[in-house]
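>
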Amino acid sequence: MVRSGARRGIAPLGVVVVLGLAGCVAGPTEMPTPEIVWDRGVAPSSPLEDDPIVQAARESDIGLVLAENSGDFTIRQLNDRWNHRHIVDLARSYATETTSYVYPGPDPWEPVRIVERDDHIAVLEVCMADAETEGWLWGEDSYGKPFIPDRGVLWRYDFELLDGYWKRVTRHSYGYGQFGSCPFEDIPIGYFNPRPKLSKPSERAPVREPLPLAPESDEYEEGRR
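Its first residue numbered 1, the sequence shown is counted upward by one per residue in the UniProt record's numbering.
1) How would you label L19, buried or exposed, when you count the other beta carbons within 10 angstroms and need 16 or more for buried?
2) In terms of alpha-carbon separation, which member of E209, E97, L90, R81 lies closest to S202?
3) From D72 to V65, what distance separates their C-alpha atoms?
4) With three or more beta-carbon pairs closer than 8 angstroms as the criterion, would you say the segment 112-132 touches the segment 52-63?
5) Scan the segment 100-175 and note each continuous beta strand (DSSP E) run of 3 residues or more that stays entirely inside, going in chain order.
6) Which residues in the same chain have their Cβ closer than 6 angstroms to the Cβ of T170, if we skip the five residues on either side of it in sequence?
7) From the DSSP secondary-structure annotation, give me the bridge partner or partners of F192.
8) With distance defined between alpha-carbon atoms, name the residue in E216, L154, R195, L137 nearest to Q178.
9) Grouping DSSP H, G and I as helix and E and B as strand, with all else coil, what is R81?
10) For S60 versus R76, is the C-beta distance shorter than 7 angstroms?
11) Determine the contact status of N83 and P196, defining contact as a CB-CB distance below 7 angstroms.
12) Could you round the C-beta distance between M128 and D158 to whole angstroms and report it? I think they count as a contact, below 8 angstroms.
13) Is the distance from the Cβ of I121 to the Cβ of E185 below 7 angstroms?
14) From this set, C182, D118, I187, which residue's C-alpha is nearest F147's C-alpha?
15) Based on Cα-Cα distance, which residue from G41, E30, M31 lies nearest to P189?
16) Would you mind working out which of P47, E35, P28 sits nearest P104, comparing C-alpha positions?
17) Restricting to Cα atoms, I'd like to know which of E216, Y191, S45 is closest to L137.
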């Protein structure tokens, strides 16, 4: 999604590809998930937190921000919970980024309801905390500052069951504020410990592009088109 001060743009430009010799592709990076420290000690506690769709949403958020903070789009946390085509788009966008930023932690939101669910697809509605001036990013001028939300926005996450996992997909293009506002005061806000390092674009490691899809993947035929 796109929020004030947040960057989620997709740029269809070139990516630095990291490959092994003789056509061999290195395996995925094993990246540990950092500890999440919850502001004011308020962790997610909604009754919906035990729902597999909500759990998949939490994990997809962690995977996305770890990949964006590191430039490594092979990590399990990302590939287990996002569809491959979107991961490719994320890597392309990251490779052309000219500003310095990191995500302090996973996006701050609370589940509201499961809008739709069957054996193959699901839609989760969440209340996302946001701020007019400083979005959920740390840049050179805002690094280390606490996030102080001043509004809540309803948002929807689409999921599809792929390769045995509920994965976030970009099936619909939702507009900011399309579903209205929501109470934001008690939405849990979590920060990674240790803090992610903020590097200038020129100092970043080369992008690790997502690994090729396996022929047996549910996404393989789509990925070839």
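A virtual CB, placed ideally from N, CA and C, is assigned to each residue, including glycine.
This is what the structure gives:
1) As a working mapping, residue 19 is identified with position 19 in the sequence shown. Legend: pLDDT at L19 = 37, less than 50; position of this residue unreliable, value from coordinates given subsequently. Here L19 is exposed. Its C-beta has fewer than 16 other C-beta atoms within 10 Å.
2) For this step, residue 202 is matched to residue 202 along the sequence shown. When only C-alpha atoms are compared, the closest one is E97.
3) Start at 1 with the first residue of the sequence shown, and residue 72 comes out as number 72. Start at 1 with the first residue of the sequence shown, and residue 65 comes out as number 65. Rounded to whole angstroms, D72 to V65 spans 10 angstroms at the Cα level.
4) Verdict: yes, contact present.
5) Runs of beta strand (DSSP E) with 3 or more residues, each lying fully within the segment 100-175, are found at 109-117, 121-130, 151-162, 165-169, listed in chain order.
6) Residue mapping note: residue 170 aligns to position 170 of the sequence shown, counting from 1. Counting only Cβ-Cβ distances below 6 angstroms, and skipping sequence neighbours, we find H86.
7) Numbered from 1 along the sequence shown, position 192 holds the residue referred to as residue 192. F192 pairs with I36.
8) Taking the sequence shown and counting its residues from 1, one reaches residue 178 at position 178. Answer by Cα proximity: L154.
9) Taking the first residue of the sequence shown as position 1, residue 81 is located at position 81. Looking at R81 - three-state DSSP - the assignment turns out to be coil, as it is neither helix nor strand.
10) The residue labelled residue 60 in the question sits at position 60 within the sequence shown. The residue labelled residue 76 in the question sits at position 76 within the sequence shown. Pairing S60 with R76 gives a Cβ-Cβ distance that is not under 7 angstroms.
11) The residue labelled residue 83 in the question sits at position 83 within the sequence shown. The residue labelled residue 196 in the question sits at position 196 within the sequence shown. No, they are not a contact pair.
12) The count along the sequence shown starts at 1 and reaches residue 128 at position 128. The count along the sequence shown starts at 1 and reaches residue 158 at position 158. Rounded to whole angstroms, the Cβ separation of M128 and D158 is 15 angstroms, and the two are not in contact under 8 angstroms.
13) What you label residue 121 is simply residue 121 of the sequence shown in a count that begins at 1. What you label residue 185 is simply residue 185 of the sequence shown in a count that begins at 1. Cβ atoms of I121 and E185: not closer than 7 angstroms.
14) Along the sequence shown, one-based indexing puts residue 147 at 147. When only C-alpha atoms are compared, the closest one is I187.
15) Against the sequence shown, residue 189 aligns to sequence position 189. Note that residue 189 is Ile in the sequence shown, not Pro. The option with the nearest alpha carbon to I189 is G41.
16) The residue given as residue 104 occupies position 104 in the sequence shown. Measuring from the Cα of P104, the nearest candidate turns out to be E35.
17) By one-based count along the sequence shown, residue 137 stands at place 137. Ranking E216, Y191, S45 by Cα distance to L137 puts Y191 first.
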